[in-house]
Amino acid sequence: MSESFPLVMSFAATDPSGGAGLQADVLTIASMGCHPLSVVTAITVQDTSGVDDVLAIDAEWVADQARAILEDVPVAAFKIGLLGSVDNIAAIASILADYPDIPLVLDPILSSGRGDELADDDMLDAMRELLIPQCTLVTPNSIEARRLALNEDDEEDDPTLEECAKRILAMGCEYVLITGTHEQTLKVTNTLYSERGVVRADSWERLPGIYHGSGCTLASAIAALLAQDVDLPEAVKEAQEYTWQALNTGFRPGMGQHIP
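So in numbering that gives the first Met the number 0, spot 33 of the sequence shown is number 32, and the numbers just go up one at a time.
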């Protein structure tokens, strides 16, 4: 009998550069000892510098892709990246509601590393209301965390990252991992929060390059470890180690950013 591997389903957009999106998810999940299942949410026009255009896949097609696989194989974890549209968010949320016991990791991609907008306010609202309440873990960078946590009725325009984590947790997820790449600090500190407060905080040497796909790699690595029944705080630690090494040995294939 052939060896079997845990199966991880990723909902994400394509990236022709291979540094982020579904391509990064597939590479990461496979290298972590799992088998990747890929559901295309959008097709992008991008290179290693940034995203020029996004074509969202019809939500019915997204749902059909996922349902076809889910009716065939047992999925051990879900990972979500760039979503493409409000309709896609609703379709994916509806599907995942049927699998409440399977770990779900959301990388809330709101913009590219260059700053290209990839999610509007309607998509943000849909994430908050439909996806985050189902999540085991949400993995925003500090910019995304502040945007997700923004309360229009609050005069505080720049909440602390701890306050951001509290607000995101209040939306219904179990854990929030806020990454510190975009903070002006000597080292990069990534902090895992739960309802109890800080679960762990890990600091890493800040590498000199600008990287494309680091968030996709990290979230996919965590999902793969959860699929192998690794406890979440330990999965977060091991996935950070994996991602840091992938970035440290990354390369610059073109005129833009480095890729893991």
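Just so it is clear, CB atoms sit at the ideal spot from N, CA and C, and this is done for glycine as well.
It should be emphasised that the depicted structure is a prediction, and the values quoted were computed from it without experimental measurement.
Whole-angstrom C-beta distance between residue j and residue i, which should lie under 8 Å
i, j, result
"residue 217", "residue 238", "6 Å"
"residue 187", "residue 76", "25 Å between Cβ atoms; not a contact."
"residue 15", "residue 227", "With a Cβ gap of about 30 Å, residue 15 and residue 227 do not count as contacting."
"residue 224", "residue 205", "No, residue 224 and residue 205 are not in contact; Cβ-Cβ is about 24 Å, not under 8 Å."
CB contact flag (residue i, residue j, <7 Å)
i, j, result
"residue 172", "residue 134", "yes"
"residue 42", "residue 35", "no"
"residue 40", "residue 69", "no"
"residue 160", "residue 137", "no"
"residue 11", "residue 80", "yes"
"residue 25", "residue 65", "no"
As assigned by DSSP and simplified to three states, the class of residue i
i, result
"residue 273", "As shown, the chain starts at 0 and ends at 259. That puts residue 273 outside it, with no answer to give."
"residue 178", "strand"
"residue 264", "Nothing can be reported for residue 264: it is not among the residues displayed for the chain, which extend from 0 to 259."
"residue 49", "coil"
"residue 136", "strand"
"residue 103", "strand"
"residue 55", "strand"
"residue 36", "strand"
"residue 169", "coil"
"residue 3", "coil"
Exposure label - residue i; buried when at least 16 CB within 10 Å
i, result
"residue 169", "exposed"
"residue 244", "exposed"
"residue 44", "exposed"
"residue 256", "buried"
"residue 54", "exposed"
"residue 31", "buried"
Does the pairing of the segment 89-103 with the segment 49-61 give three or more beta-carbon distances under 8 Å?
yes
Validate contact between the segment 79-88 and the segment 179-194 using beta carbons, cut 8 Å, 3 pairs:
no
Counting Cβ pairs, one atom from each stretch, are 3 or more of them under 8 Å apart for the segment 105-121 and the segment 139-147?
yes
Below 8 Å, how does it come out for the segment 195-213 and the segment 18-33: are there three or more Cβ pairs, yes or no?
yes
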